[in-house]
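Since the structure comes first, as structure tokens, the remarks are kept for the end.
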Amino acid sequence: VIRDARTLASGGTLEVDVCIIGAGPAGIAMAKALAGTSLTVLILESGGFDEEAETTTLSEGEVIGDPIRDYFSIQTLQQTRARAFGGTTQRWGGFCRPLTPIDFETRPYQSVAGWPFGRAELDPWYELAQPICQLGAYNYDAAWWASQLGTPAPLALGPTVTTGLIQKNPVRFGWVHRPAIQAASNVLVLHHANVTLLAATAGGDHVDHLVVRTLSGVQGTVRASAYVLAAGGIEVPRLLLASNDVVPAGLGNSSGTVGRYFADHNQVVASFAPLSVTPGELYHTATASMAFPTPENPNNRVYAQGVIDLAESTMRSEGLPHLHIETYIEDAPYYPTQDEGVTGADIADLFKAEARPLPSIFGATVFFEPVLHADSRVTLSPTDVDALGMPRVRLDHRRSPLDATHLERGVHVMAQAFGETGLGRLQFAGGWVTAEPNPPNPPPEQHLLPYLRVTTQGDTPTNVPYGTTYHHMCTTRMDLDPSLGVVDSNCRTHDVDNLYIAGSSVFPTAPGSHPTLTIVALALRLADHLVDQLGEP
Ligand SMILES: Cc1cc2nc3c(=O)[nH]c(=O)nc-3n(C[C@H](O)[C@H](O)[C@H](O)COP(=O)(O)OP(=O)(O)OC[C@H]3O[C@@H](n4cnc5c(N)ncnc54)[C@H](O)[C@@H]3O)c2cc1C
């Protein structure tokens, strides 16, 4: 059942078994899992069915430190998430894949522990997460997909790198799951309902009730047996820090780590690879696959897309993080144009070195895990409040200097693997690459150089602009040690006995895969845990 909180009378109290704050992928996955159980479930969602300007102002905040930027420009905090039923899937790209086994381990370059469980723990939940994200089979083996789709098998690239796979379907969770949630008699969604305070009992170890407000002036209270914060990786620490009437440092924050270790994946463009094979042959990017109808788009398609990963053995032997490259320009006759930041001399050398005719060339995005930084941090603004009186966010975004080392070494290993195959060459050249579908004078394949627009700015792995990916992670880390993290392995806060967190803020580290499939898997696992805890027969 779905209702508008603005139509309710002020001053009321709702009592339920489970109250979930936020209806993004995490909240919606939990609602789907709890629908039809004996538990009464309430979801409080700040937004409506679409993004609205007035509600979006609640997400405004200040970024200091490294900017949050896409390839072209610096982004505001409100551009990096969405307040609406369905959450940030209003804007997302839909790239999904599970974490790999090494992603769960404690890695040598991190100052914090890895995940308290391995991939096997999440496998059954990933399998259930696939249909919720409207993806295909829970199989991320590129060769298997090639055989299913009748496309060429990925070429072997040698022992240091491997072909990985991403499934992609940018479905809007609010659209595709709305009918089922509307029909669930034990689930009530209140939209336009903002939680502004988690009111704790005297010791700060139990949530007594929530204060809920609409921008139109309705105010009410919610009491639940269990509360789940599913408000995204920035709003979750904001709510905990702002709930400071009983515990001045913020609820659940005895470790002092609420808001710390803010991490986002590093995304750097570009590397260039002139190839003597097509990118499709190199690692097949399946552009046709299975069709999944959705209400929004009956012709919606799921894509299986190849990526090139560092092999697990390389990550171990080199002490490197999970790093992969994605191609975004596929086959000729699309010629990449380097728009910004290219090291002209390097590129010229690369192309001169490839004297033979080249059927193909691509630009690559390098995507990799950041090294966590304790001072990369979400805090509350000391001065600014939003329209509901809540302190705004101040995000001090920082990167470890090790990230540049990892970028340089990781791309070097990739380039060596390419070179050794004789199939092509890869070189780092920071900057953005655009496709030029119809070059004015189509060049002979061996004379691509004139089509590279070259600047004199000499970017290197240390000064190239790093893009972010709007994956807001690690701000309420899972750690078995309550002095080092915020939640335990069941996503329950160490300090507060009836408060749980769903979303990428609980990730102990920020491994190099897109987060949402893992968010959904963890949310389903948490729903199952709550059913156990709260006595479903
Ligand atoms: C441009 C872009 C592209 C992306 N592409 C990808 C991709 O390809 N693959 C991928 O895995 N991820 C991608 N992401 C990230 C992905 O969208 C997030 O990982 C995912 O949406 C997080 O889910 P969530 O449920 O934890 O939080 P959200 O989706 O952010 O949902 C949180 C919800 O909580 C609500 N809320 C917040 N505060 C309150 C409050 N006080 N009271 C009540 N409700 C509240 C919000 O309104 C929102 O609806 C992308 C993000 C962006 C911005």
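Everything in the sequence shown is counted per our numbering, starting at 352 for the first residue and increasing by one.
Backbone N, C-alpha and C fix where the C-beta goes; we use that ideal spot for every residue, glycine too.
Let me check you understand the geometry: is the CB of residue i closer than 7 Å to at least one non-hydrogen atom of ligand 1?
i, result
"Asn545", "yes"
"His880", "no"
"Thr439", "yes"
"Gly378", "yes"
"Cys825", "no"
"Pro503", "no"
"Pro482", "no"
"Ser397", "yes"
"Gly821", "It should be pointed out that residue 821 corresponds to Tyr in this sequence rather than to Gly. At least one heavy atom of ligand 1 is nearer than 7 Å to the Cβ of Tyr821, so yes."
"Cys447", "yes"
"Ile453", "no"
"Leu508", "no"
"Glu403", "no"
"Trp443", "yes"
"Pro866", "yes"
"Ser606", "no"
"Thr935", "A query on residue 935 cannot be resolved here, the shown segment of the chain reaching from 352 to 888 and no further."
"Leu590", "yes"
"Arg434", "yes"
"Ile870", "yes"
"Glu720", "no"
"Ala464", "no"
"Ser855", "yes"
"Ala662", "no"
"Ala471", "no"
"Glu586", "yes"
Looking at the strands, I want to know which residues DSSP matches up with residue i.
i, result
"Thr572", "Thr364, Val562"
"Met328", "No information on residue 328 is available, as it lies outside the stretch 352 to 888 that the chain covers here."
"Val519", "Note that residue 519 corresponds to Lys in the displayed sequence, not to Val. Note: Lys519 sits in a beta bridge opposite Phe446, Tyr654."
"Leu731", "Val744"
"Leu395", "Ile372, Leu541"
"Leu671", "Leu671 pairs with nothing; no bridge assigned."
"Arg876", "Paired residues: none, contrary to the question."
"Ala551", "Val558"
"Asp355", "His542"
"Leu850", "Tyr578"
"Phe719", "Asn617, Leu674"
"Ile425", "Arg420"
"Met829", "Val838"
If you check the beta carbons only, do residue i and residue j fall under 8 Å apart?
i, j, result
"Gly607", "Thr826", "no"
"Val597", "Ala553", "yes"
"Leu561", "Leu549", "yes"
"Phe524", "Pro376", "yes"
"Asp883", "Ala384", "no"
"Val658", "Glu677", "yes"
"Asp747", "Ile415", "yes"
"Asp726", "Arg750", "no"
"Pro953", "Tyr477", "For the chain, the structure presents residues 352 to 888; residue 953 sits outside this window and is missing."
"Ala480", "Ala872", "yes"
"Leu831", "Pro467", "yes"
"Glu402", "Gln441", "yes"
"Gly399", "His542", "yes"
"Ala766", "Leu777", "yes"
"His675", "Gly509", "no"
"Ala356", "Leu500", "no"
For residue i, which residues from the same chain have a beta carbon less than 6 Å from its beta carbon, with the 5 sequence-adjacent residues on both sides left out?
i, result
"Gly571", "Gly363, Val563"
"Ile371", "Gly378, Met381, Ile394, Val579, Ala581"
"Ala874", "Ala377, Ala380, Met381, Ala853"
"Arg745", "Glu413, Thr730, Ser732"
"Ser856", "Gly584, Val587, Thr826, Thr827"
"Thr344", "The question about residue 344 has no answer here: the residues shown for the chain are numbered 352 through 888."
"Val736", "Pro742"
Between which residues of its own chain and residue i is the CB-CB distance below 7 Å, once the five residues before and five after are set aside?
i, result
"Glu405", "Leu566"
"Tyr460", "Gly670, Pro672, Val722, Leu753"
"Gln533", "Val352, Ile353"
"Ala614", "Pro721, Leu723, Ser727, Met824, Cys825, Ala861"
Could you name the residues of the same chain whose beta carbon sits closer than 8 Å to that of residue i, not counting the 5 residues immediately before and after it, in chain order?
i, result
"Asp556", "Asp846, Val847, Asp848"
"Val764", "Thr511, Val512, Leu661, Thr665, Glu669, Leu671"
"Asn490", "Trp496"
"Met829", "Trp466, Pro467, Gly836, Val837, Val838, Asp839, Ser840, Cys842, Val857, Phe858, Pro859"
Would you check if there are 3 or more beta carbon pairs closer than 8 Å linking the segment 598-611 to the segment 384-394?
-> no
Should the segment 427-442 be regarded as contacting the segment 396-411, the criterion being three or more beta carbon pairs within less than 8 Å?
-> Yes, the segment 427-442 is in contact with the segment 396-411.
Should the segment 717-729 be regarded as contacting the segment 611-619, the criterion being three or more beta carbon pairs within less than 8 Å?
-> yes
How about the segment 439-456 and the segment 484-491: do they share at least three Cβ pairs that are nearer than 8 Å?
-> Yes, the segment 439-456 touches the segment 484-491.
Spell out a yes or no on whether the segment 588-597 and the segment 858-867 are touching, meaning 3 or more CB-CB pairs, one atom from each, closer than 8 Å.
-> no
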